[in-house]
Each structure stands twice: as structure tokens, then as C-alpha cells.
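Asks:
There are 2 protein chains.
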Amino acid sequence: MGMTTLDPSTLLTAAVEEARAGLAEGGVPIGAALFTTDGTLLGRGHNRRVQDGDPSLHAETAAFRNAGRRPTYFDTIMVTTLSPCWYCSGLVRQFGIGHVVIGEAVTFSGGHDWLAENGVTITLLEDPECIGLMTDFIKNRPELWAEDIGAELD
Amino acid sequence: MGMTTLDPSTLLTAAVEEARAGLAEGGVPIGAALFTTDGTLLGRGHNRRVQDGDPSLHAETAAFRNAGRRPTYFDTIMVTTLSPCWYCSGLVRQFGIGHVVIGEAVTFSGGHDWLAENGVTITLLEDPECIGLMTDFIKNRPELWAEDIGAELD
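As given, the protein sequences belong to chains A and B, one line each in that order. Residue numbering for the first sequence follows the working numbering, beginning at 217 and increasing consecutively. Residue numbering for the second sequence follows the working numbering, beginning at 217 and increasing consecutively.
Right under this line is the structure:
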């Protein structure tokens, strides 16, 4: 595939589509996709807390799960609409995912600085659509957002 | 329930049973269970990489998933047969799980020191049965163990 496939904003498209699908289902609007460094899609998914009653499926873990088994992940890129929380940052660090493309870290900032300190390449896009999706969600469903990150509701 | 329920070695029993079940199924022999601080079992599970072809289900994430949705986790104890990897340590940190009981950290040491630095109570038992389960597994299935932690095979 050509280099245009690896433009971070292009890769983000798959994650944003997942986030929108999650919103349409009444869920937490965060999406993710796992690619190889040559641009091949391995798996994509979105948060399934509401849809499946499953607190373990954040967007990144859903994409990772849907990619199936793989010996190592050094040659992969995790694309996510929102800064990865500690849970999803831990996933990236443990499995040696080399690069994380992040839609935005305005509405929530997780562990991406910690990942950068530990050798992971971080691309932060501050994409307006991603910011809008989460801004509206946090305003409309504060209790669901607090639950999704294990936080006490303000 | 009485205090005996909260003896860490007693809590570990549920996680060891899960690890043994995983081994009997041909899987990675790591088990976990999530309890409330009063000793109520919320969920238990074991690594399901082999059984479900699912790399996202480590023992701790399986127990967390099986516990279902919950607003917060400050009043919970994660019990696991093995030191939690970065992925599972990230789960504990993000969701504010207050206490982690660990069967052993001899055969593998993940993020439990990092959790302690971030305010999580850590109880490390160095249980001989847990050490034996992992020692045998790593010897017999080195490629599966490497895959489970995203490591390159030596």
C-alpha cells in the first residue's frame, strides 16, 4: 500500500466510524482500530459497556480482541478516538504496540505521556469531530462516562 | 462474613481453581477473582487465549468482565495467581481497585510495584502451588507464554 494509507488522519477514519456506531447504539462513543505499520487493518471495535454489559471492552481492547491472536505487536499501530486510559495504555505497553494515533486528549487524558516515556510513538491529532463526540457525550451522560473510567461522579 | 473469609490465602483459592481449570482446558494457567472488601465474590475467571482465541482475556480481565458493570471499584480486591502484567495493572489503576492479592511474582513480575507506588495495597503470597503451575507451564509451552505477554521468544 502507498504512504497515503498511513496518513494518521486517514487511519483515524476507521476509529471515528466505530465511535459513531457506538453512539448510535446508545453506548460510549469511543472507537479504535489496530493496523500493521504497512496499513493493513487487523481489527476494529468500539466500547461495548452498554451494548454487552461488558466493562472490559473499551474501544482499544475491543479492537485488540477483534484482531485475534498474534505472536507479537511491535509492527502494529493502535488508532483510537480518545487518549487511552490506564487500562488501554497498559495493553499497549504490555504487548509492545509501537505507535498510538490518538484522536484527541482534550476531554480526557489517560496514559499517553507514560507510553511516550516508555518508547511508544504517540501521534496526537486533536481532531474536532472526536472532541465534539466526547464533549457532547460527557455533557449528556455524565454518569455513564464516570462509570466507564471508574470515577466518582462529581 | 467473618474475617477468615478475608484471609488472603483463602481468597487465593478461587483464583487457583480458575488457573487449574485453564490448564485442564489446554490454556494459560492463570486465574483471578474479584471480591468486595467484605469477601463477596463479584466474578472469577481465567485466561482464555487458547480456549476462545481471545488475546484480550487475561485472568484479571476475565474476572473483571464476569463481575459485570459496577459504578466504582474502590471497595474491591483483585486476587490473581500471578503478578499482573502492565495490561492488568492498568485495569487495576484505571478502575481504582484498592487491593491486589498476588499468588506469586517469582516466574513473572509485572506492574505491581507501580501499583503500590500509586496507592494500591499489594499482598504478595509467593504461594508454592502458583509458582509450580507457572514454572511447569513456561517450561512446557514457552511459545504460548511468550505470546500471552507479547514477548519475543528467547
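Even glycine gets a Cβ: it sits at the ideal position worked out from N, Cα and C. Quick caveat: nothing in here was measured; it's all calculated off a predicted structure.
Are the region 348-355 of chain B and the region 244-253 of chain B touching, with three or more C-beta to C-beta distances below 8 Å?
Replies: Taking 8 Å as the limit for Cβ pairs, the verdict is that the region 244-253 of chain B does touch the region 348-355 of chain B.
Asks: Taking the runs of the alpha helix (DSSP H) that are 4 residues or longer, which of them lie wholly in the region 238-272 of chain B?
Replies: Those alpha helix (DSSP H) runs which fall completely within the region 238-272 of chain B and span 4+ residues are 265-268.
Asks: If Val295 of chain A sits next to Leu228 of chain A, beta carbons under 8 Å apart, how far is it from one beta carbon to the other, in whole angstroms?
Replies: For the purposes of this step, residue 295 of chain A is taken as the residue at position 79 of the first sequence. For the purposes of this step, residue 228 of chain A is taken as the residue at position 12 of the first sequence. Their Cβ separation, rounded to whole angstroms, is 6 Å, which keeps Val295 of chain A and Leu228 of chain A in contact under 8 Å.
Asks: Distance check for Gly284 of chain B and Gln310 of chain B, CA to CA, integer angstroms please.
Replies: To locate residue 310 of chain B, count along the second sequence from 1; it is residue 94. To locate residue 284 of chain B, count along the second sequence from 1; it is residue 68. Answer to the nearest angstrom: the Cα atoms are 16 Å apart.
Asks: For Asp329 of chain B, count neighbouring C-beta atoms within 10 Å of its own C-beta (all shown protein chains included) and say buried if the count is 16 or more, exposed if not.
Replies: Numbered from 1 along the second sequence, position 113 holds the residue referred to as residue 329 of chain B. The residue is exposed, with fewer than 16 neighbouring Cβ atoms inside 10 Å.
Asks: Given Pro358 of chain A, which residues of its chain have a CB within under 8 Å of its CB, disregarding the five upstream and five downstream residues?
Replies: Your numbering for residue 358 of chain A matches position 142 in the first sequence. Excluding positions up to five away in sequence, the list reads Leu369 and Asp370.
Asks: What are the boundary residues of the alpha helix (DSSP H) that includes Val308 of chain B?
Replies: What you label residue 308 of chain B is simply residue 92 of the second sequence in a count that begins at 1. Note, Val308 of chain B: alpha helix (DSSP H), Trp302 to Phe311.
Asks: Return the first residue and the last residue of the alpha helix (DSSP H) that Thr297 of chain B is part of.
Replies: Here the question's residue 297 of chain B lines up with position 81 in the second sequence. Segment: none, Thr297 of chain B is in no alpha helix (DSSP H) and carries neither H nor E.
Asks: In angstroms with no decimal places, state the Cα-to-Cα distance between Ala332 of chain B and Ile313 of chain A.
Replies: By 1-based counting over the second sequence, the position of residue 332 of chain B is 116. By 1-based counting over the first sequence, the position of residue 313 of chain A is 97. If I take the Cα positions, the gap works out to 25 Å.
Asks: Classify Cys346 of chain B as buried or exposed, calling it buried when 16 or more other Cβ atoms lie within 10 Å of its own Cβ.
Replies: In the second sequence, counting from the first residue as 1, residue 346 of chain B sits at position 130. Looking at its Cβ environment, which holds 16 or more other Cβ atoms inside 10 Å, Cys346 of chain B is buried.
Asks: Under the three-state reduction of DSSP, which class applies to Leu360 of chain A: helix, strand or coil?
Replies: Along the first sequence, one-based indexing puts residue 360 of chain A at 144. DSSP places Leu360 of chain A in helix when its eight states are reduced to three.
Asks: According to the Cβ coordinates, are Asn263 of chain A and Ala275 of chain A closer than 7 Å?
Replies: Working through the first sequence from its first residue, we reach residue 263 of chain A at position 47. Working through the first sequence from its first residue, we reach residue 275 of chain A at position 59. Yes, the Cβ-Cβ distance between Asn263 of chain A and Ala275 of chain A is below 7 Å.
Asks: Whose C-alpha, out of B:Gly319, B:Gly327, B:Gln267 and B:Gly261, is nearest the C-alpha of Asp223 of chain B?
Replies: Position 7 of the second sequence, counting from 1, holds the residue named residue 223 of chain B. Selected option, being the one with the closest Cα: B:Gly319.
Asks: Excluding the five sequence neighbours on either side, which residues of its own chain have a C-beta within less than 6 Å of the C-beta of Asp291 of chain A, listed in chain order?
Replies: Within the first sequence, the letter at position 75 stands for residue 291 of chain A. Answer for Asp291 of chain A: Thr252 and Thr253, listed in chain order.
Asks: Can you give the Cα-Cα distance for Ala362 of chain B and Leu307 of chain A, rounded to whole angstroms?
Replies: Taking the second sequence and counting its residues from 1, one reaches residue 362 of chain B at position 146. Taking the first sequence and counting its residues from 1, one reaches residue 307 of chain A at position 91. Spanning the two alpha carbons is a distance of roughly 15 Å.
Asks: Taking the straight line between their C-alpha atoms, what separation do you get for Tyr303 of chain A and Ala321 of chain A?
Replies: Reading the first sequence from its first residue, position 87 is the one you call residue 303 of chain A. Reading the first sequence from its first residue, position 105 is the one you call residue 321 of chain A. The straight-line gap from Cα to Cα measures roughly 16 Å.
Asks: Taking the continuous beta strand (DSSP E) assigned at Thr277 of chain B, which residues delimit it?
Replies: Looking up residue 277 of chain B in the second sequence gives position 61. First-last for Thr277 of chain B: Ala275 to Ala283, but that is the alpha helix (DSSP H), not the beta strand (DSSP E).
Asks: Taking the alpha-carbon positions, what's the Gly238 of chain A to Thr226 of chain B distance?
Replies: Residue mapping note: residue 238 of chain A aligns to position 22 of the first sequence, counting from 1. Residue mapping note: residue 226 of chain B aligns to position 10 of the second sequence, counting from 1. Approximately 41 Å, taken between the alpha carbons.
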